[in-house]
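Engineer: Have a look at the structure that comes next, please.
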Amino acid sequence: DAGVIQSPRHEVTEMGQEVTLRCKPISGHDYLFWYRQTMMRGLELLIYFNNNVPIDDSGMPEDRFSAKMPNASFSTLKIQPSEPRDSAVYFCASSSNGLAGDSYEQYFGPGTRLTVT
Amino acid sequence: SQQGEEDPQALSIQEGENATMNCSYKTSINNLQWYRQNSGRGLVHLILIRSNEREKHSGRLRVTLDTSKKSSSLLITASRAADTASYFCATSGTYKYIFGTGTRLKVLA
Chain A
2 DAGVIQSPRH EVTEMGQEVT LRCKPISGHD YLFWYRQTMM RGLELLIYFN NNVPIDDSGM
62 PEDRFSAKMP NASFSTLKIQ PSEPRDSAVY FCASSSNGLA GDSYEQYFGP GTRLTVT
Chain W
5 SQQGEEDPQA LSIQEGENAT MNCSYKTSIN NLQWYRQNSG RGLVHLILIR SNEREKHSGR
65 LRVTLDTSKK SSSLLITASR AADTASYFCA TSGTYKYIFG TGTRLKVLA
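Chains A and W, in that order, are what the protein sequence lines are.
Note that the numbering used here gives residue 56 to position 55 of the first sequence, counting from 1, and the numbers run on in steps of one.
Note that the numbering used here gives residue 57 to position 53 of the second sequence, counting from 1, and the numbers run on in steps of one.
Written out as C-alpha cells, the structure reads:
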C-alpha cells in the first residue's frame, strides 16, 4: 500500500481564497483524522470520521472550515475564506479498529503545508 | 487543550548515549502511544502501551506507564544520529487521540 496520500504537498494562496486539501486513506482503514500542526499550538485534532461519518468535529476552529468524506477512499478539508492565521501543516491520518477494540495506530500522510498571504 | 505534555522540550545528546523523555497527562486513559516525527514529515507510530501495562519494549525503545502519576517515559538506548526527530506522546480515552507538545531530540554524531 502507498500509505496515506495527501495533496497538494504545498499550497500558497491569498487571504480570502478557498483552499481544498485532499486525502486518500489506506485501503481498509475505517477511521480518518484531520490534524493541524503549528509551532504555537502543536498538533491539533480538527475532525475525525468513522466509516465516512463525522464523529467529532469539536476541533474545527470556525465555520470557515469544513470536511467531507464522500466515500471510504477520499476526504477533503476546505477552508473558505482562508486567512493568514490558517497557515500551518495539515495532516491526514487513518487507522483501523484494533483487535482489542481500543488499540490501534494512526498512519499519517506527509502533510500539506499551507501558507496564506 | 493539550492532554499530554512532554518533558524536556528539547534534548541534545551524543551518539551512543541513552535518551529519556517524559509525558504527563491529565485524565484517565485507555492507552498511550509514542510517535516520532522527522523534520518535514508526518508522524510515525513507535509503540503503544495499554493502561493495564507498566512497561513495554520494542527494539531499542522502552516505554513505561505509571497511571497513578499519569505519566509515561520513553527511553531510547544507544542512540543514533538517525534518531534525531521530535517525539510525541498521544493519549486516548476512546478513539480520539490527543497529542502532546513533543520533545525535540538531537543526536550528535
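Every residue, glycine too, gets a C-beta built ideally from N, C-alpha and C.
Using beta carbons (cut-off 7 Å, strictly below), is A:D31 in contact with chain W?
Structural biologist: No, A:D31 does not count as interfacial toward chain W.
Engineer: Residues of chain W with CB under 8 Å from A:P111, in chain order?
Structural biologist: R45 and G46, listed in chain order.
Engineer: Return the CA-CA distance between A:D110 and A:P9, expressed in angstroms with no decimal places.
Structural biologist: It is Gly, not Asp, that sits at residue 110 of chain A in the sequence shown. Rounded to whole angstroms, A:G110 to A:P9 spans 11 Å at the Cα level.
Engineer: Quick one: Cα of A:Q38 to Cα of W:R108, how far?
Structural biologist: The straight-line gap from Cα to Cα measures roughly 15 Å.
Engineer: Tell me whether the stretch 75-93 of chain A and the stretch 38-49 of chain A touch, counting them as touching only if at least three CB pairs, one residue from each stretch, are closer than 8 Å.
Structural biologist: Yes, they touch.
Engineer: When the Cα of A:G82 is compared with those of A:V5, A:I6, A:T21 and A:A3, which residue comes out closest?
Structural biologist: Strictly speaking, residue 82 of chain A in this sequence is Pro, with Gly absent from that position. Checked all of A:V5, A:I6, A:T21 and A:A3; the closest Cα to A:P82 is A:T21.
Engineer: Taking the beta strand (DSSP E) that A:G17 belongs to, which residues open and close that run?
Structural biologist: Taken as a continuous stretch (DSSP letters only), A:G17 belongs to no beta strand (DSSP E), as it is neither H nor E.
Engineer: Using a C-beta cutoff of 7 Å, does W:K60 count as contacting chain A?
Structural biologist: No, no contact with chain A.
Engineer: Identify the continuous beta strand (DSSP E) that holds A:Q81 and give its terminal residues.
Structural biologist: Here A:Q81 belongs to no beta strand (DSSP E), and DSSP marks it neither H nor E.
Engineer: Taking 8 Å as the cut-off, does the stretch 30-43 of chain W touch the stretch 48-68 of chain A (at least 3 CB pairs, one atom from each stretch)?
Structural biologist: Short answer: they don't touch.
Engineer: So W:K126 is in the beta strand (DSSP E); what residue range does that whole segment cover?
Structural biologist: Lying outside 5 to 113, the shown extent of chain W, residue 126 of chain W is not represented and no answer is given.
Engineer: I'd like to know whether the C-beta of A:G43 is nearer than 7 Å to at least one C-beta of chain W.
Structural biologist: A:G43 counts as touching chain W.
Engineer: When you compare the CB positions of W:S75 and W:C93, do they come within less than 7 Å of one another, or not?
Structural biologist: No, Cβ-Cβ distance for W:S75 and W:C93 is not below 7 Å.
Engineer: Let me know if W:S5 comes out buried or exposed under the rule of 16 or more other beta-carbons within 10 Å of its beta-carbon.
Structural biologist: Interpretation of W:S5 is limited by its pLDDT of 44, a score under 50 that renders its predicted location unreliable; the figure taken from the coordinates is listed afterwards. With fewer than 16 other Cβ atoms within 10 Å, it is exposed.
Engineer: Kindly give me the distance between the Cβ atoms of A:N51 and A:A73, rounded to whole angstroms, as I take these residues to be in contact under 8 Å.
Structural biologist: Contact doesn't hold; Cβ gap of about 11 Å is too wide.
Engineer: Report the neighbours of W:G106 on chain A: residues whose CB is nearer than 9 Å to its CB, in chain order.
Structural biologist: Correct list: G43 and L44.
Engineer: Residues of chain W with CB under 9 Å from A:Q107, in chain order?
Structural biologist: Ordered by position in chain W, the residues that pass the 9 Å Cβ test against A:Q107 are Q37, Y39, L47, H49, A94 and Y101.
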